[in-house]
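For the sequence shown, the numbering used here assigns the number 504 to the initial residue and increments by one for each residue that follows.
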Amino acid sequence: SAQPSGYPWAMTDSFRLMLRALPDFPDDLPGFDPAQAPADPAELFRSWLDEALAAGVRQPHAFSLATADAGGNLSSRMLILKNLDGDGWHFATARTSRKGRELEANPRAAMNFYWSELGRQVRVTGAVVQLSEALSARDWDERPGADGILVERLPALRQCGGRGDPVEYGEHQRRGEHRAGGDHRDL
């Protein structure tokens with residue numbers, strides 16, 4: 504394991520020991536039997552999101568989005584889920600942002616929701632394609648007033664059930680709108 508230079512804890516075991524002393528997952532994690540899960544993973548996600556809201560989880564619609572550029576260099580950041588419908592998981596980005604450029608060069612992504620209070624996480628992975636201009640405009644119009652101060656319009660993205668069409672992606676690429684196809688059984 505490489506130790507970054509310039510950090511006082513890099514020369515001792517104190518940081519590693521401090522991490523080892525922190526609690527990990529609680530003993531009373533909820534059980535999960537995939538055989539008992541609904542056939543539609545979105546239904547299970549909505550149920551778990553309702554439980555997270557009832558438990559007082561702050562921003563339960565926040566998730567980590569991981570992308571990679573054309574060279575395979577990974578990056579991740581936190582986003583907010585905008586919608587979940589029959590086409591999939593909607594989120595937003597600016598096409599000129601790092602993630603927008605990465606999605607254009609390598610149209611695949613992974614989402615991870617984590618609710619520590621409930622001991623649950625949900626992963627969604629798949630190919631990314633652009634949204635229609637109409638859906639992107641609707642997303643923009645529905646944003647809170649604070650988003651209106653942005654200089655550049657943030658196009659919407661969504662995670663869909665694997666129905667991404669490369670032709671559709673090409674047609675909407677200029678606006679930076681995407682939709683992603685994923686393995687929805689990976690809850």
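Ideal placement from N, C-alpha and C gives every residue a C-beta, glycine not left out.
query                                                                                                                                                             : result
According to DSSP, residue 588 sits in a beta bridge with which residue or residues?                                                                              : 591
Does residue 626 come out as helix, strand or coil in the three-state DSSP assignment?                                                                            : strand
Take the Cβ of residue 601 as the centre, count every other Cβ of all protein chains shown within 10 Å, and call the residue buried at 16 or more, exposed below. : exposed
Contact between the stretch 573-586 and the stretch 619-633 is defined here as three or more beta-carbon pairs at a separation below 8 Å; is this criterion met?  : no
Do residue 565 and residue 642 count as a contact pair if the criterion is CB distance below 8 Å?                                                                 : no
With 16 other CB atoms within 10 Å as the buried threshold, where does residue 521 fall?                                                                          : exposed
So, helix, strand or coil for residue 566, using DSSP?                                                                                                            : strand
Within this structure, are the beta carbons of residue 614 and residue 604 separated by less than 8 Å?                                                            : no
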